[in-house]
Amino acid sequence: MLLDEIPSLDLADFLSGDASRKAKFVQELGAAFNTIGFVAIKGHGLTNDFTSKLYSEVEQFFQSPDTLKQTYEIEGIAGQRGYIGKRKETAKGFKVPDLKEFYHVGQPRKEDGDSVWSEYPENVFPAEYPDFEKYTVEAYQTLEKAGKSLLQAIALYLELPEDYFESRVKNGNSILRAIHYFPILDPDSLPEGAVRAAAHGDINLITLLMGASAEGLEVLRMDGKWIPITALPDQVVVNVGDMLDRLTNHKLKSTIHRVVNPPREKMGTSRYSIPFFMHPRSEMDLTCLSSCVSTEYPKIYTDMTAGAFLNERLIELGLKKA
Numbered sequence: 001m002l003l004d005e006i007p008s009l010d011l012a013d014f015l016s017g018d019a020s021r022k023a024k025f026v027q028e029l030g031a032a033f034n035t036i037g038f039v040a041i042k043g044h045g046l047t048n049d050f051t052s053k054l055y056s057e058v059e060q061f062f063q064s065p066d067t068l069k070q071t072y073e074i075e076g077i078a079g080q081r082g083y084i085g086k087r088k089e090t091a092k093g094f095k096v097p098d099l100k101e102f103y104h105v106g107q108p109r110k111e112d113g114d115s116v117w118s119e120y121p122e123n124v125f126p127a128e129y130p131d132f133e134k135y136t137v138e139a140y141q142t143l144e145k146a147g148k149s150l151l152q153a154i155a156l157y158l159e160l161p162e163d164y165f166e167s168r169v170k171n172g173n174s175i176l177r178a179i180h181y182f183p184i185l186d187p188d189s190l191p192e193g194a195v196r197a198a199a200h201g202d203i204n205l206i207t208l209l210m211g212a213s214a215e216g217l218e219v220l221r222m223d224g225k226w227i228p229i230t231a232l233p234d235q236v237v238v239n240v241g242d243m244l245d246r247l248t249n250h251k252l253k254s255t256i257h258r259v260v261n262p263p264r265e266k267m268g269t270s271r272y273s274i275p276f277f278m279h280p281r282s283e284m285d286l287t288c289l290s291s292c293v294s295t296e297y298p299k300i301y302t303d304m305t306a307g308a309f310l311n312e313r314l315i316e317l318g319l320k321k322a
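The sequence shown maps to residues 1 to 322 in full-length UniProt numbering.
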C-alpha cells in the first residue's frame, strides 16, 4: 500500500508496560519502516518550550558573522564536530554542493574508561552563546534516549533480543546536527541543480528530526513520487538510515529524501532544522542478519563495519579526503 502521508505513533505505547500496546507499536513501526521508511513519533521527551529555546540559540549562532562562525570550523576531523561552512557538503552522486551550513555536536565525553573516546574528537561550543552547549547537549541526550527505545522496538520487530542494539550504540558515534539553510538572495545566480539538500539517504541507523522551521522536506515513495513530510509541533520524524538498511538486507528501508528550495517569493528566508543521527560504535558489524536473507531476498550488501561505512560515505560527501 502506498501512503500519502507518514504514519503517526506514540512512543508512550511502547513504554507503557502494556504488552498489547507495546506489541501493536512494534508492528506498526516495522510496517512503516518496511514501506515508506518514515514515521512521526510523539512521546519523545522534548517539550515545545525546550525546543523553541534550542532553536533560538541555534538561530542566534547562525545569524552571527561568518568570521565568528569560522573560528569554530576545525581542520582535520572531516566535519565531525563544530561548524561546517556554506556549500561544504555535496550529496552522494551530485556535483553541486547543498545550500546549507551546519554545526555538529557529538557524544558528550564521560570518564567511564571506554576505549571508544580515543576515536572521537572533542566537542566544541561557541563561547559567545553560553546556552548553546546546554541546549544542544540536552537535546542530544533526550533524542539518544528516545532512539534507544525505538531501536528496542526495531529489534523486537526483527525477532532479535530487545537489547540487541544496546551494547552496539553505547557511547555511539551519534551526531546532533543543527542546520541553517541560508537565505538565497539572488536566485538567478544559483548553479543549475543547487538545492538546500539534494536527494540522499542518511548514513546512520535511524534519524530523529524535530520539527523544522519551514516546509521543504520531501520523501521519495516506492512508486517514484515525491511526497511532502510534515510533522506536528509535538512530533519528531524518524527514518531508517543506510546502516539499518544494510543490517536488514533492505527489509527496513532507508528512504531517499531531500529538502527542496522554497518558492521564489520565500527564497530570501532562512530554514532551520535539527536532526539527530543515531550511529552505533564504529566496530558494529553491519553484515546482513541471516534472518533477513533468503532465496527470495538474496544478500545485496558486502560485509562491513559501521566505522568503515561511515568513512566511505564521508569521502563521498566531500567532507573527508580519500
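Even for Gly, the Cβ is constructed at its ideal location relative to N, Cα and C.
Boundaries of the beta strand (DSSP E) harbouring Asn239: Val236 to Val240, taken from the DSSP string. For a cut-off of 8 Å, the C-beta gap from Ser149 to Phe14 is around 6 Å, short enough to register as a contact. When DSSP states are grouped into helix, strand and coil, Glu128 belongs to the coil group. Separation of Lys170 and Arg264 (C-alpha to C-alpha, rounded to the nearest whole angstrom) is 44 Å.
Contact between Ala23 and Ile6 does not hold, since the beta-carbon distance rounds to 21 Å and is not under 8 Å. Assignment of beta-bridge partners to Asp10 by DSSP yields Lys42. In the DSSP assignment, Leu317 falls outside any beta strand (DSSP E), carrying neither H nor E.
Of the candidates Leu220, Thr47, Asp49 and Glu138, Leu220 places its Cα closest to the Cα of Arg258.
Between the alpha carbons of Asp49 and Leu232 lies a distance of about 15 Å. Contact between Ile206 and Gly147 is confirmed by a C-beta separation of about 6 Å, below the 8 Å threshold. One Cα belongs to Cys292, the other to Lys251, and the distance between them is close to 7 Å.
Selection Ala308, Met222 and Arg271 evaluated against Val195 yields Arg271 as nearest (Cα-Cα).
Counting along the chain, no alpha helix (DSSP H) covers Gly37, and no H or E run does either. With fewer than 16 other Cβ atoms inside 10 Å of its own Cβ, Arg109 counts as exposed. Exclusion of the five residues before and after Tyr72 leaves Gly82, Tyr83, Val124 and Pro126 as the residues of its chain whose Cβ lies within less than 7 Å of its Cβ. In the DSSP assignment, Ile179 forms a beta bridge with Phe102 and Ser273.
If you look at Tyr83, you'll find it in the beta strand (DSSP E) that goes Gly82 to Ile84. Per DSSP, Leu217 is one residue of the beta strand (DSSP E) stretching across Leu217 to Leu220. Nearest to Lys225 by alpha-carbon distance, out of Asp202, Thr255 and Asp131, is Thr255.
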